[in-house]
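To start, the structure itself, in structure tokens.
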Amino acid sequence: MEEFLFSLLKIIVAVLLSLVSALVILRYYFAFKKQPLPVSSQDEQQRILLPLRLQACERIVLFLDRIAINNLIMRINRPEMRALQLQAALVGAIREEFEYNLSQQLYISTKAWGLVRNAKEETIRLINTASMKVPENASSSEMVRILLDLVLAEEKSAVEIAMEEVKKEIRKSF
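All the letters of the sequence shown, read from the start, carry residue numbers 493 to 666 under this note's numbering.
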């Protein structure tokens, strides 16, 4: 009988030790699970900045598309306009669009922003060049023809170059 009680006591002690061990492990497990995992500040910055950078790139691409000569002409030109009126309207629209998107430079690289600025300046230069090639009282359609000839003479427009760079930046984010 003593052996039976001794064996029973060993089993009970083993079960109690196992139970206590399991309780301690579970306690630590649940205490650890309640604590948030440490997030590095770089991961947090990336989580916050990525949507802002993507939105900025979207706005810059839209800006570049809107200042492309063919899109500007379609949006701004009216049959009753004279060449000088068209020139003023086109340059004004470009400058207004640029000012509206000026803050986006915070979220893109210096290189990309430089190309965007260059695209704006190059587009204005083309408009002014076309304006100088038409007579003073020329119609807007004459200026449009000259402007489109200037654009076709370019191998690759500054707008296209800037857009490619912005797209490269978007691809780098993923």
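All residues carry an ideal CB built from backbone N, CA and C; glycine is no exception.
Span of the alpha helix (DSSP H) around residue i
i    : result
I600 : Here I600 belongs to no alpha helix (DSSP H), and DSSP marks it neither H nor E.
V658 : A650 to K664
K625 : Looking at the DSSP string, K625 is not in any alpha helix (DSSP H), and its letter there is neither H nor E.
L515 : E494 to K526
N562 : I561 to I568
Paired residues, beta bridge with residue i - DSSP
i    : result
R574 : S631
Contact check, residue i vs residue j, beta carbons under 8 Å
i    : j    : result
L578 : I568 : yes
L607 : I540 : no
V651 : I559 : yes
V626 : A575 : yes
L546 : S665 : yes
I552 : Q596 : yes
S649 : M635 : no
T615 : I561 : yes
I638 : V583 : no
E657 : A604 : yes
Buried/exposed call for residue i, threshold 16 Cβ in 10 Å
i    : result
K659 : exposed
T621 : exposed
E550 : exposed
M493 : exposed
A645 : exposed
S632 : buried
A611 : buried
I600 : buried
A514 : exposed
Residue-level contact to chain C via CB, residue i, 8 Å cutoff
i    : result
L544 : Included in the structure is just one protein chain, with no chain C present.
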